[in-house]
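J.: My questions will all concern the structure given below.
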Amino acid sequence: MSKTHRIAVIPGDGIGKEVMPEGLRVLQAAASRFDIALDLTPIDWASCDHYLAHGEMMPADWKQQLQGMDALLFGAVGWPATVPDNVSLWGSLLKFRREFDQYINLRPVRLFEGVPCPLAGRKPGEIDFLIVRENTEGEYTNLGGIMFAGTEREIVIQESVFSRHGTDRVL
38 MSKTHRIAVI PGDGIGKEVM PEGLRVLQAA ASRFDIALDL TPIDWASCDH YLAHGEMMPA
98 DWKQQLQGMD ALLFGAVGWP ATVPDNVSLW GSLLKFRREF DQYINLRPVR LFEGVPCPLA
158 GRKPGEIDFL IVRENTEGEY TNLGGIMFAG TEREIVIQES VFSRHGTDRV L
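The sequence shown runs 38 to 208 under our numbering.
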């Protein structure tokens, strides 16, 4: 063991709180198996509970608190019954993506043995690909607005922006 990997553990909201203990169990088992040293730091902000208590998703010094971390293990964000999605998403997850330039969203698509599949006649191994998505531009540019809000003429405009730089780096 040479390096200790410092990881901020942020359960967030909803399913994040439920799956984080199991995710940590898997992470710690892998670390033990491969002799990897971990220093896990629990973080209780970047959640709707924190927003309800403090009026913000994260403290003003959130970035300083995460300085020196090698990774963030982030569960999930959002609990629309208590905090509007635009507040929770823009107040935490999208800040992480932008400030740390986490521009790639990889979505593996695989068919596993014993898992039902709506694609008839396919077997494990026949479906195995990645969806690569840019994570900081597109609909995440926060361009647009609402005209005639709350009336029968209400119009919502959402623009997506894709730069050459953003497109090239995912290719």
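For every residue, glycine included, the Cβ atom is placed at its ideal position computed from N, Cα and C.
Could you check whether Ser-125 and Asp-205 sit closer than 8 Å to each other, using their CB atoms as the reference points?
T.: no
J.: Less than 8 Å between the beta carbons of His-42 and Ala-83, yes or no?
T.: It is not a contact, given that the beta carbons lie outside the stated cut-off.
J.: Return no unless some Cβ of chain C is closer than 8 Å to the Cβ of Val-46.
T.: Absent from the structure: chain C. Only one protein chain is present.
J.: May I ask you to verify whether the stretch 146 to 166 touches the stretch 174 to 189, counting CB pairs closer than 8 Å and requiring at least 3?
T.: No, they do not touch.
J.: To the nearest angstrom, how far is it from the Cα of Phe-199 to the Cα of Glu-174?
T.: 6 Å
J.: Can you look up Trp-116 in the DSSP assignment and give me helix, strand or coil?
T.: strand
J.: Quick one: using the 10 Å Cβ neighbour count with 16 as the cut-off for buried, is His-91 buried or exposed?
T.: exposed
J.: Using only alpha-carbon positions, find the residue among Val-152, Gly-203, Leu-167 that is nearest to Gln-139.
T.: Gly-203
J.: In this structure, how does DSSP classify Ser-125 when only helix, strand and coil are distinguished?
T.: helix
J.: Which residue from Arg-144, Ile-73, Asp-81 puts its Cα closest to that of Val-46?
T.: Asp-81
J.: Please name the residue, chosen from Pro-96, Asp-122, Leu-131, that lies closest to Phe-111 on a Cα-to-Cα basis.
T.: Ranked by how close their Cα comes to the Cα of Phe-111, the residues Pro-96, Asp-122, Leu-131 have Leu-131 in first place.
J.: Taking the straight line between their C-alpha atoms, what separation do you get for Asn-172 and Arg-70?
T.: 32 Å
J.: Where do the ends of the beta strand (DSSP E) carrying Asp-76 lie?
T.: 74 to 79
J.: For the putative contact between Leu-167 and Arg-144, defined by C-beta atoms under 8 Å, what is the C-beta separation to the nearest angstrom?
T.: 7 Å
J.: Name the residue from Pro-155, Val-152, Ile-183 whose alpha carbon lies nearest to the alpha carbon of Glu-196.
T.: Ile-183 is the residue among Pro-155, Val-152, Ile-183 whose C-alpha sits nearest the C-alpha of Glu-196.
J.: Identify which residue in Leu-156, Pro-117, Arg-170, Phe-185 has its Cα closest to the Cα of Asn-142.
T.: Comparing Cα positions, the closest option is Arg-170.
J.: How is the beta strand (DSSP E) around Phe-166 delimited, first residue to last?
T.: 165 to 171
J.: Give a yes or no on whether the C-beta atoms belonging to Met-106 and Ser-129 are separated by under 8 Å.
T.: Going by C-beta atoms, Met-106 is not nearer than 8 Å to Ser-129.
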